[in-house]
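These notes are about the structure you will find just below.
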């Protein structure tokens, strides 16, 4: 149980770090600092992959059917779309992807993790 609690804590910390990164990316984008925002997108993908892999391992330990969240897949697609938007910078397009895809999918994925996986691990 202690190992599961540690994994959950690390996953939640990583979600929080991702939320902070998205806020920073949004600020940098709105300031026109596209290069610094673009650099963080790969880190965002890496963090999402780490959360996904850790969640799958945790689900196996909890004897749950291991499956990737659709929110994870939509988040990765949103990040890919944002990378494409930076190639031909349009602030409206970039903000739309951030506000309508990345932010809500990250929040939904975190809520899904907490309500399903973390809840099961703590019960």
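Numbering (our numbering), first residue to last: 9 to 131. Note that the Cβ used here is the ideal one computed from N, Cα and C, for glycine as well. All figures in this text were calculated on a predicted structure; none of them were measured in a lab.
**residue 40 classed as buried or exposed, judged by whether at least 16 other C-beta atoms fall within 10 angstroms** = Taking the chain shown and counting its residues from 1, one reaches residue 40 at position 32. The residue is exposed, with fewer than 16 neighbouring Cβ atoms inside 10 Å.
**Message:** Less than 9 Å between the C-beta atoms of residue 133 and residue 15, yes or no?
**Reply:** Past the edges of the chain, shown from 9 to 131, lies residue 133, and the structure says nothing about it.
**Message:** Just to check my reading of the structure: residue 44 and residue 36 have Cβ atoms closer than 8 Å, yes? What is that Cβ distance to the nearest angstrom?
**Reply:** As a working mapping, residue 44 is identified with position 36 in the chain shown. As a working mapping, residue 36 is identified with position 28 in the chain shown. The pair is a contact, with the Cβ atoms about 5 Å apart (cut-off 8 Å).
**Asked** When the distance is taken between beta carbons, is residue 56 closer than 9 Å to residue 87?
**Response** The sequence position of residue 87 within the chain shown is 79, counting from 1. The sequence position of residue 56 within the chain shown is 48, counting from 1. Going by C-beta atoms, residue 87 is nearer than 9 Å to residue 56.
**Asked** Whose CA, out of 77, 25, 92, lies closest to the CA of residue 113?
**Response** The residue you call residue 113 lines up with position 105 of the chain shown. If we check each option's Cα against that of residue 113, 77 comes out closest.
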